[in-house]
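To keep things clear, I will list the structure first and then write my remarks on it.
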Amino acid sequence: EDKVVQSPLSLVVHEGDTVTLNCSYEVTNFRSLLWYKQEKKAPTFLFMLTSSGIEKKSGRLSSILDKKELFSILNITATQTGDSAIYLCAVGEYGNKLVFGAGTILRVKS
Amino acid sequence: DSGVTQTPKHLITATGQRVTLRCSPRSGDLSVYWYQQSLDQGLQFLIQYYNGEERAKGNILERFSAQQFPDLHSELNLSSLELGDSALYFCASSRSTGTSYEQYFGPGTRLTVT
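Going line by line, the protein sequences match chains A and B.
Quick note on numbering: the working numbering labels position 2 of the first sequence as 5, and the sequence is numbered without any gaps.
Quick note on numbering: the working numbering labels position 88 of the second sequence as 101, and the sequence is numbered without any gaps.
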């Protein structure tokens, strides 16, 4: 059965800290890995990764994929209270299905 | 704002009833996906339509059905509702079909079945 596992389940940090969120997967026909940020309601798209070793960056957020070891990390540097959210990892298979992990709940304290 | 719209925002109904959730994709997007998010199950893929045709099915119950209309908006129909159907229902859209295209999510419809 296809599986996406995120760790840690939850995390509390102080403003200015750097955090690393992990996502490991076991899927039959990997196509892409996506990160989303979910605040009050809708997941907001952050990154899509398809190739190993190529870092994607957006401001203080960055992500990288390792297709050999079947995992991805999402880094957030200089965290702010506005980064508090649930971070979701999803893996896209050949076809049209996205399999989501349970998410990491991040809380940034001021 | 992702550009995906969903109505209604909230829906409260009784067991056994039927409801329809509506989604309009981003301008130019041909694919629509439906997801269910509950506390114990996380975000679960239900079904996908591409340009009016069903393309993929996930964990969708037989009591649930969906369609995509010529103007590309989509409706998710939930019937014979049970308490366990209470959840957030999201619609997402993407430019084309296949998981090489990022999906953008709408604000969701919160369904409460009493």
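Built from N, CA and C at the ideal position, the CB exists for glycine as well.
As the structure is a computational prediction, the values presented were derived from the model and not from experiment.
Where ASP69/A falls: helix, strand or coil (DSSP): In the structure shown, ASP69/A sits in a strand (DSSP, three-state: E or B).
Positions along the stretch 37-60 of chain A whose CB lies within less than 8 Å of some CB in chain B: Hits within the stretch, in order: LEU37, TYR39, LYS44, ALA45, PRO46, THR47, PHE48, MET51 and THR53.
Contact with chain A by GLN49/B, beta-carbon distance below 8 Å: It does not; no Cβ of chain A falls within 8 Å.
Contact belief for LEU49/A with LEU36/A at Cβ below 8 Å, rounded distance in angstroms: At roughly 11 Å, the Cβ-Cβ gap does not stay under 8 Å, so LEU49/A and LEU36/A are not in contact.
Nearest-angstrom beta carbon gap, LEU73/A and GLU137/A [assumed within contact, 8 Å]: Summary: the structure shown does not reach residue 137/A, with chain A confined to residues 4 through 113, and so no result is reported for it.
Meets three-Cβ-pair contact criterion under 8 Å: the stretch 42-52 of chain B and the stretch 92-108 of chain B: The answer is yes - the stretch 92-108 of chain B touches the stretch 42-52 of chain B, with three or more Cβ pairs under 8 Å.
Outcome for GLN83/A when other beta-carbon atoms lying within 10 angstroms are tallied against a minimum of 16: Exposed.
Within chain B, the residues that ALA105/A reaches when beta carbons sit closer than 8 Å: Within chain B, the residues GLY55 have their CB atoms less than 8 Å from the CB of ALA105/A, given in chain order.
Beta-carbon spacing of VAL45/B, SER87/B below 8 Å: Yes.
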